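Written out below as structure tokens is the structure these notes cover.
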Amino acid sequence: MKRVYLDHNATSPPDPRVLLAMEPWLREHCGNPSSLYAEGRLARRAVEDARDEIAQAMAVPAREITFTSGATEANSLAIFSAHQHGRGTLVASAIEHPSILAAVKHLGESTGRPIGTLAVDEAGVVRLDSLYEALELNPALLALMAVNNEVGSIQPIDAVARQVAGSNIWLHVDAVQAWGKADFGTPPPGVSSLSISGHKIGGPKGIGALWCHEEFPIAALFWGGGQERGRRAGTENVAGIVGLGRAFRLAREELSARQARLSALESEFLVALHRNGVNFERHGPATAALRIPGTLNLRFPGVRGERLMIALDLDGVAISLGSACSSGAAEPSPVLRAMGVEKLPNLESVRISFGATQALGEGTEAAQVIHDVLRLKLNS
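Residues in the sequence shown are numbered from 0 upward in steps of one, following numbering that gives the first Met the number 0.
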């Protein structure tokens, strides 16, 4: 049975070009980047070349890039650094990834520091009036993702950055879902740090990076050999770093082509759903300019999202209930709840996300399977 994979926002398949770049570091080269002999120097060069690739794509100094085990660690590194940097309120949007919200909650509960929330509108875009209210709290941290992982809403990072530029506020941006999908390049003035992840853009799992402006120093989460300029101890994952660098550069260079492919896949899927008479509603921005292509959060009235996900899996289509980090329990999505979606419509919603390397036609195939499952299995 041919399967159709529609959960690229959770993990995208590795790009063959990325695997090719990584292969020598998995097979031939065993040197530790901290060693001074030839094998170590070769590994160190590979790490620094990858750092340069990312820095050039972002147009930032390479010394400001720190490699991590993934975006979750990068987010924690930024948030704990912001906690050390300032003593005000910790503020995050209501639709942040769990790795942001859990870290902020932990710091608030363990230190007694106040926590603030940036509210969003019904489209899943942060409300600027909520931002102005948060700024009155003299926050030490503002955390706002570039693109929401469940509904695809693009957040007004430029506008928020302008409000905090020149201040002592640490503005952290989770940019995991932006690269290769949104026109998001050099961090604008006012952004203090930004996290990225390899396995969302055709790179390997288990690798990510944090960009942090040199005026906002990183406070290490753990210590040891002093790697990454003392900001992240532990022997570097050379193969993963090489893969991340290549994937990141490709995502930037191929942005227009990837956006076009994602838009085409989304369009053929929605057209096929309509043609088959499938009843559904879409959550998120109604205007294409406010959302990334290829991310759909859909409600199928009368069918619980969990039932639909399981039935589609059995028929060869993989979809998600929302964030992969919280999909173990069929509970209402906090993102949809923050957008004002009531409990029942929330539970009847699923996330469908396409990938830039996906073959055209798979959207049409998936829509046909959804139609058949809804008509023959779940509504019989």
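Just so you know, even glycine gets a beta-carbon here, dropped at the ideal spot from N, CA and C.
Please read these numbers as outputs of a predicted model, since none were measured by experiment.
Under the rule that a run must span 4 or more residues, the alpha helix (DSSP H) segments found entirely inside the stretch 96–169 read 97–110, 127–134, 156–163. Secondary structure of Val-172 (DSSP, three-state): strand. Residue burial is scored here from C-beta neighbours: Arg-298 has at least 16 other C-beta atoms within 10 angstroms and is therefore classed as buried. Under the DSSP assignment, Thr-67 falls in the beta strand (DSSP E) whose first and last residues are 64–67. Every alpha helix (DSSP H) of 4 residues or more that sits fully in the stretch 280–331 is shown, in chain order, as 304–313.
In this structure the stretch 116–129 touches the stretch 147–165; the number of beta carbon pairs closer than 8 angstroms is three or more. Within the same chain, and ignoring the five residues on either side of Gly-339 in sequence, the residues whose Cβ sits closer than 7 angstroms to its Cβ are Glu-121. By the CB criterion at 8 angstroms, Leu-307 and Leu-377 fall inside the cutoff. Secondary structure note for Ala-358: it is in no alpha helix (DSSP H), with a DSSP letter that is neither H nor E. The C-beta of Asn-345 has 16 or more other C-beta atoms within 10 Å across all chains shown, which makes the residue buried. Within the same chain, Cβ atoms closer than 6 angstroms to the Cβ of Ala-271 are found at Thr-363, Ala-366, the five residues on either side in sequence being excluded. The three-state reading of DSSP puts Ala-181 in coil, since its state is none of H, G, I, E or B. Here DSSP, grouped into helix, strand and coil, assigns Ser-80 to helix. Taking C-beta atoms under 8 angstroms as the contact rule, Arg-16 and Leu-249 qualify, at a distance of about 7 angstroms. Around the Cβ of Cys-29, a 10 Å sphere holds fewer than 16 other Cβ atoms; the residue is exposed. For Leu-264, the uninterrupted alpha helix (DSSP H) run begins and ends at 254–274, by DSSP.
Take Gly-304, set aside five residues on each side of it, and the residues of its chain with a beta-carbon closer than 7 angstroms to its own are Leu-320, Leu-346, Glu-347, Ser-348, Val-349, in chain order.
Boundaries of the beta strand (DSSP E) harbouring Ile-195: 192–196, taken from the DSSP string.
In this model, Ala-102 and Val-277 are separated by some 40 angstroms (Cα to Cα). Counting along the chain, the unbroken alpha helix (DSSP H) around Leu-335 starts and ends at 333–337. The shortest CA-to-CA distance from Arg-281 to any of Glu-149, Val-3, Leu-313, Lys-204 is the one to Glu-149. In terms of Cβ geometry, Val-175 and Ser-152 do not form a close pair [threshold 8 angstroms]. Distance from Ala-49 to Ile-240 at the Cβ level is roughly 5 angstroms; contact confirmed, criterion being Cβ atoms closer than 8 angstroms. According to the DSSP assignment, Val-59 belongs to no alpha helix (DSSP H), since it is labelled neither H nor E. The beta carbon of Val-316 sits closer than 6 angstroms to those of Val-3, Ala-365, Val-368, all from its chain and outside the five residues before and after it, given in chain order. With fewer than 16 other Cβ atoms inside 10 Å of its own Cβ, Pro-216 counts as exposed. DSSP, read as helix, strand or coil, puts Val-340 in coil. Secondary structure at Arg-350: strand, using DSSP grouped into helix, strand and coil. Comparing C-alpha distances from Lys-342 to each of Leu-289, Gly-115, Gly-301 shows the shortest one belongs to Gly-301.
For Trp-210, the uninterrupted beta strand (DSSP E) run begins and ends at 207–211, by DSSP. Contact between Leu-143 and Leu-117 holds: their C-beta atoms lie close to 7 angstroms from each other, under 8 angstroms. Taking Trp-178 as reference, the option from Leu-375, Leu-373, Gly-354, Gly-360 with the minimal CA-CA separation is Gly-354. Excluding sequence positions up to five before and after Ile-78, its CB lies within less than 8 angstroms of the CB of Leu-89, Ile-99, Ala-102, Val-103, Leu-106, Leu-140, Ala-142, His-171, all in the same chain and listed in chain order. Counting of Cβ neighbours within 10 angstroms places Asp-173 among the buried residues, the total reaching 16 or more.
By the beta-carbon neighbour count (other beta carbons within 10 angstroms, threshold 16), Phe-268 is buried. The C-beta of Ala-133 has 16 or more other C-beta atoms within 10 Å across all chains shown, which makes the residue buried.
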